[in-house]
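All letters in the sequence shown, in the order written, are residues -10 to 152 by the numbering used here. All C-beta atoms, glycine included, are put in the ideal place defined by N, C-alpha and C. Some notes on the structure that comes next.
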Amino acid sequence: MSIQRVEPGPGQESVWDYPRPPRVEVTERHLVVAFAGEIVAETRRAHRVLETSQPPAYYFDPADVRTDRLRPSTRHTFCEWKGQASYHDVVVGDSVAEAAVWTYLSPTPAFEAIRGHLAFYAQLLDCLVDGEPVVGNEGTFYGGWITSHVVGPFKGGAGTAHW
């Protein structure tokens, strides 16, 4: 299967220009995460992880998150670059978004900057970047945030596992 890279326009990035292994960088974009009508996280001092073929994943300092709305999950996954991830459910009243948040409590040295920071699945929550609604990438494995500033195609949907 041939991947057809979308050429980025002015002010856009192509996920095919992101590095492998991934890079972590600071961002001052205004990020908001809401669930069941309540803001559960908001920041202008996050980190974003950029990896070839994937939209950016944003990691929030716990000080910018309503951690009282998080409940530990039994889910764990492993990333070849970052290490083992632990998950949390988001709970607002009777509404629950299961395993909607992940964190690396003991990341590899290259990702020390995101130790204990919290990332959110836009597929399960309402997320904004500088006021623009985010689209979560397809599938349930990657938690990238798609906005008008990033072009693909994006890994994660059906048939993309071997890109």
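Could you name the residues of the same chain whose beta carbon sits closer than 6 angstroms to that of residue i, not counting the 5 residues immediately before and after it, in chain order?
| i | result |
| --- | --- |
| aspartate 6 | none |
| threonine 41 | Tyr7, Arg9 |
| serine 62 | Tyr76, His77, Asp78, Ala88 |
| valine 54 | Ala30, Leu107 |
| valine 22 | Val29, Ala30, Phe109, Leu114, Cys116 |
| proline -3 | Ser3, Val140 |
Report the option in the options whose CA atom is closest to the CA atom of residue i.
| i | options | result |
| --- | --- | --- |
| alanine 35 | Arg55, Ser42, Ala46, Leu114 | Ala46 |
| histidine 138 | Val15, Glu27, Pro44 | Pro44 |
| valine 15 | Gln1, Pro96, Asp50, Val22 | Asp50 |
| glycine 146 | Glu127, Thr32, Gly120 | Glu127 |
| cysteine 68 | Arg55, Glu31, Phe100 | Phe100 |
| serine 75 | Asp83, Ser84, Leu94 | Leu94 |
| arginine 33 | Gly120, Trp152, Arg104, Pro(-3) | Gly120 |
Would the beta-carbon of residue i fall within 8 angstroms of that of residue j?
| i | j | result |
| --- | --- | --- |
| phenylalanine 24 | valine 90 | no |
| alanine 88 | arginine 64 | yes |
| valine 140 | valine 38 | no |
| tyrosine 48 | alanine 111 | no |
| valine 4 | phenylalanine 143 | yes |
| threonine 92 | glycine 105 | yes |
| proline -1 | tryptophan 70 | no |
Give every residue of the same chain whose Cβ lies closer than 7 angstroms to the Cβ of residue i, excluding the five residues on either side of it in the sequence, and list them in chain order.
| i | result |
| --- | --- |
| alanine 102 | Val13, His36 |
| valine 118 | Arg18, Leu20, Trp134, Thr136 |
| alanine 86 | Phe24, Asp78, Val79, Leu113, Leu114 |
| serine 180 | Only positions -10 to 152 of the chain appear in the structure, and residue 180 is not among them; the question remains open. |
Residues in the same chain with beta-carbon distance under 8 angstroms from residue i, minus the five sequence neighbours each way, listed in chain order, please.
| i | result |
| --- | --- |
| valine 81 | Phe24, Ala25, Gly26, Glu27, Val29, Arg58 |
| glutamine 1 | Ser137, His138, Val139, Val140 |
*In chain order, which continuous runs of the beta strand (DSSP E) of length 3 or greater are located wholly inside the stretch 54 to 125?*
59 to 68, 72 to 81, 84 to 92, 107 to 109, 115 to 118
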